[in-house]
Amino acid sequence: MPRTASSSASSSGRDAPPRPDTTLVRRARKIDRTLAETYPDSGIELDFRNPFELLVVTVLSAQTTDRRVNSVSPSLFAAYPDATALAGADRERVEAIIQPTGFFRAKTASLLKLSQALVERFDGEVPGRLEDLVTLPGVGRKTANVVLGNGFGKPGITVDTHVGRLARRFGWTEETDPVKVEHAIGALFPRRDWTMLSHHLIWHGRRRCHARNPACGACPVARWCPAYGEGPTDPVKAAKLVRDEGRA
Ligand code: SF4
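Each residue of the sequence shown is one higher than the one before, starting from -3 at the first, in our numbering.
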C-alpha cells in the first residue's frame, strides 16, 4: 500500500495540519519534472483567445474531444463574440453550430444561462476568482480551475478523470472526491506549479497512462510509479499503446 499525502499526518503537534512525507513529495516532483521533459508542448488543447472563449469551450468539452470543440468554436465565436451576444442568441442557431460536440441541446441551454448570468451579475465579463466562477450556472470547480489557470494565470489544479486516476496510481491520494484529490495534490507541489502539473498529468493520461491498458513498459515515470504493471510491461506491447498523434 503506497503512502499517500493524506495518510502521513504530521506528528509535530496535535493541531498541526497533516503534511505529506518528504519521500512522497520528492517522488511526486520527480514525476512532474520527468513528465514536463516528456511532453514539452503540454498545455491546454482547446483553442481560445480570452477568458470568455475559454469558459465556453471548457463547457463544450464535456463528453467530447478537444479536437471536436476546436472544430466548432470559430463559427460560434464569429456569430457570438462575447457574453452579451451569446446571452441573446437564437437557441436553435447555437444548437446547430455546436451539434458536433454532442449533448448539444443541454450544452446550448448551459451556454445561454451562463452568458445571461455573466451579463446580469458580472457586466458581461468572466470573473477571475474561484468563489465567483463557481456561482455561475454549470461551472464547477474543475471548469473554474481551468479558467483561472489558463485564462487568468492564477495557479489551479484541474481534477479531471485523468488527473484523479494518475494521482491515485502514483499513490498521492486514495480519495475519489475531486476536491479532496485537489487538496492532496496541492499539498505536494508549490502553487506556481499547479497549472502546468495539471497539463502534464492530463497529457500523460491521454497518451500513455490510459484508464485501461496503461503503457507501463513505455512509461518515463515507471520507476516511481507504485501502479507499474497495471498495463503491459513488455516494451514492444506497451509502445503500441502510446498515442502520440497530437491532440487527443
Ligand atoms: S507505470 Fe503504468 S500506471 Fe504508472 S504512470 Fe506509467 S503507465 Fe501509468
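We treat Cβ as the ideally placed atom computed from N, Cα and C, and that holds for glycine.
Computed from a predicted structure; not experimentally measured.
With 16 or more neighbouring CB atoms inside 10 Å of its own CB, Lys103 falls in the buried class.
Per DSSP, Pro216 lies in no alpha helix (DSSP H) segment and is marked neither H nor E. With a cutoff of 8 Å, Tyr224 counts as near the ligand SF4, since its C-beta is closer than that to a heavy atom of the ligand. Taking C-beta atoms as the reference points, Ser67 and Ile198 fail to come closer than 9 Å. By alpha-carbon distance to Trp220, the top candidate from His179, Leu56, Val55 and Thr30 is Thr30. For Ala163, the CB contacts under 6 Å within the same chain, skipping 5 residues up- and downstream, are Thr169, Val177 and Ile181 in chain order.
Annotated three-state conformation of His195 is helix, per DSSP. Counting only the Cα atoms, Gly213 lies some 51 Å from Val115.
In the structure shown, the three-state DSSP call for Val232 is helix. Distance from the C-beta of Gly167 to the nearest heavy atom of the ligand SF4 is not below 8 Å. For Pro210, the Cβ falls inside the 8 Å cut-off from some heavy atom of the ligand SF4.
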